[in-house]
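Okay, structure first, notes after.
Number of protein chains: 2
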Amino acid sequence: MFSLSEENYLKAIFHLERKYQAGVSTNALSEEMDTKASSVTDMVKKLSEKKLVKYKKYQGVKLSEKGRNAAVEVIRKHRLWEVFLVEKLNFNWDEVHEIAEQLEHIKSEKLTRELDRFLEHPSRDPHGDPIPDAEGNFSVSNKLLLSELEKGQEGICVGVKDSSSDFLRYLDKNKISLGKSILVKDKEPFDESMLVEIDGEKLRISNTISANLYIKI
Amino acid sequence: MFSLSEENYLKAIFHLERKYQAGVSTNALSEEMDTKASSVTDMVKKLSEKKLVKYKKYQGVKLSEKGRNAAVEVIRKHRLWEVFLVEKLNFNWDEVHEIAEQLEHIKSEKLTRELDRFLEHPSRDPHGDPIPDAEGNFSVSNKLLLSELEKGQEGICVGVKDSSSDFLRYLDKNKISLGKSILVKDKEPFDESMLVEIDGEKLRISNTISANLYIKI
DNA sequence: TCCTATTTTTAGTCTTATCTAAATTTAATT
DNA sequence: AATTAAATTTAGATAAGACTAAAAATAGGA
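So the sequences go chain by chain: A and B. The opening residue of the first sequence carries number 7 in the numbering used here; numbering runs sequentially from there. The opening residue of the second sequence carries number 7 in the numbering used here; numbering runs sequentially from there.
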């Protein structure tokens with residue numbers, strides 16, 4: 007149906023639309039895709055001809071319904087494979103991204119459907135990101151960033167905003183994993199660092215950390 | 007490491023070398039790959055520069071040690087994924103080939119290793135073909151074709167030579183599956199057709215069928 | 001051996017997805 | 001409003017992997 011590159015562009019546009027709640031500029035897309043702006047222009051024209059995006063010169067792009075569906079399908083596959091790798095193949099959550107980047111392009115409806123069944127219809131990937139269902143619907147959850155909590159508030163860790171290896175390994179090292187309860191014992195006004203309690207252990211974390219950890223109260 | 011196309015060529019050369027016990031001609035390869043002979047020449051030159059094959063103009067190609075290892079690795083992945091699809095994802099043995107053709111190119115040593123472990127180190131794929139181990143060793147088995155059996159001989163069905171959907175579905179329809187015992191009740195000299203007994207049921211099969219079913223006595 | 005048919009290779013073209021460099025448009029600032 | 005800076009697009013080039021058509025090499029038969 008769509009080429010590997012096309013799928014990657016659609017996915018990138020989807021993520022950027024979410025992130026900025028707006029149309030996506032050529033430069034933003036070129037940064038996300040790690041290509042030159044001129045390459046983006048070429049591809050965007052192609053996607054536009056295929057009616058996958060709405061594009062007006064110098065005005066950025068937006069996904070069409072068709073483009074959004076294609077993007078969501080790729081994201082669904084990516085996240086299902088991540089679950090598979092962690093749950094069944096003993097991968098750590100910081101190792102799955104690149105492999106899922108490959109697996110997400112495998113074309114077979116039945117494969118996706120059966121993988122979903124095999125994994126018992128997971129609703130979130132190992133990083134806490136929602137897995138859209140076969141119709142493309144995301145479950146919405148009212149999560150907030152740990153950095154938004156005040157002293158005395160408590161919540162459950164439900165996801166990560168940054169899913170780089172460095173961050174995930176930091177969390178592993180400090181025994182912070184999804185599902186755990188976090189209590190804000192203290193918050194330093196000067197640098198926004200926090201003293202938190204997890205499993206009865208106290209830990210001081212910087213704002214960089216707390217601004218990348220999703221919490222549900 | 008290697009491109010998708012390169013891997014497919016290496017795999018094809020491997021299979022043809024096996025089949026004909028000889029170097030592989032450009033035409034044979036172009037037929038196997040479903041491309042034109044001129045395309046084969048181009049690719050073969052490239053593989054030769056990369057030391058993956060030995061190639062002399064007009065003399066056909068042979069895999070080098072390096073090329074053979076690469077080919078075997080792809081075949082290993084292909085067959086492991088086929089097992090996964092059948093054993094875990096409810097695929098029938100006639101549905102797995104094209105998907106495995108995609109999955110075999112996923113690059114991750116750990117993935118292959120863990121998949122192998124997850125599947126409990128299967129020695130054969132759903133069609134009875136051997137799965138090479140991580141070092142590239144194939145288990146050899148002294149199987150023979152059903153067509154080679156004489157009246158009165160009995161054996162266990164261990165593999166298929168042709169794994170086209172048509173053939174596999176024929177076998178399904180007639181309740182012939184790997185592991186079943188087959189007894190040759192009669193063999194017709196004129197057309198080489200056979201009367202066989204499986205699970206106490208008698209069935210007449212043509213030579214086309216019996217020449218594509220591997221048996222172990 | 002010579003000639004012809006077949007096989008293989010070469011030469012040149014195409015498509016996809018990328019790039020660089022230059023041109024153009026938009027946005028920002030005075 | 002004019003000018004400059006930034007963003008975007010155009011034009012032309014490249015690499016991979018395929019193609020067609022034509023040339024060259026090999027093999028088989030008289």
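Positions of the beta carbon are idealized from the N, C-alpha and C atoms, including for glycine. As the structure is a prediction and not an experimental result, all values here were calculated from the model.
Give the interface partners of residue i over in chain A, defined as CB-CB distance under 7 Å, in chain order.
{"i": "B:Phe124", "result": "Lys94, Leu95"}
{"i": "B:Lys17", "result": "Here the premise fails: no neighbours, minimum Cβ distance about 18 Å."}
{"i": "B:Gln108", "result": "Ile112, Lys113"}
Could you name the residues of chain A that residue i contacts, counting a contact when the two beta carbons are closer than 9 Å?
{"i": "B:Lys120", "result": "Residue 120 of chain B is actually Glu in this sequence, not Lys. Simply Leu91, Lys94, Leu95, Asn96, Phe97."}
With DSSP as the reference, identify every bridge partner of residue i, one or two as the case may be.
{"i": "B:Ser187", "result": "B:Ile162"}
{"i": "B:Tyr61", "result": "B:Val67"}
{"i": "A:Glu203", "result": "A:Leu189, A:Lys208"}
{"i": "B:Arg130", "result": "B:Pro136"}
{"i": "B:Val30", "result": "B:Val67"}
{"i": "B:Tyr176", "result": "Note: B:Tyr176 sits in no beta bridge, so no partner."}
{"i": "A:Tyr220", "result": "A:Leu151, A:Gly165"}
Who are the neighbours of residue i on chain B, taking C-beta pairs under 9 Å?
{"i": "A:Ile105", "result": "Ile112, Lys113, Ser114, Lys116, Leu117"}
**Item:** Contact the region 92–106 of chain A vs the region 130–146 of chain A: 3+ CB pairs below 8 Å
**Value:** At 8 Å Cβ cutoff, the stretches touch.
**Message:** For the structure I just gave you, are there three or more beta carbon pairs, one from the region 102–119 of chain B and one from the region 80–94 of chain B, closer than 8 Å?
**Reply:** They touch, by the three-pair rule.
**Item:** Cβ pair count under 8 Å reaching 3, the region 172–187 of chain B against the region 197–215 of chain B
**Value:** Because the criterion of three Cβ pairs below 8 Å is met, the region 172–187 of chain B and the region 197–215 of chain B touch.
**Request:** Evaluate contact between the region 149–164 of chain B and the region 103–123 of chain B, counting only Cβ atoms and requiring at least three cross-stretch pairs below 8 Å.
**Result:** Taking one beta carbon from each stretch, the region 149–164 of chain B and the region 103–123 of chain B have fewer than 3 pairs nearer than 8 Å; the two do not touch.
**Request:** Would you be able to state if there are at least three C-beta pairs under 8 Å between the region 29–49 of chain B and the region 73–86 of chain B?
**Result:** Cβ pair count under 8 Å is below three, so no.
**Prompt:** Are the region 107–116 of chain B and the region 56–71 of chain B in contact at 8 Å, needing three or more beta carbon pairs?
**Reply:** These segments do not touch.
**Prompt:** Is the region 136–144 of chain A in contact with the region 183–196 of chain A, if contact means three or more CB pairs nearer than 8 Å?
**Reply:** Taking one beta carbon from each stretch, the region 136–144 of chain A and the region 183–196 of chain A have fewer than 3 pairs nearer than 8 Å; the two do not touch.
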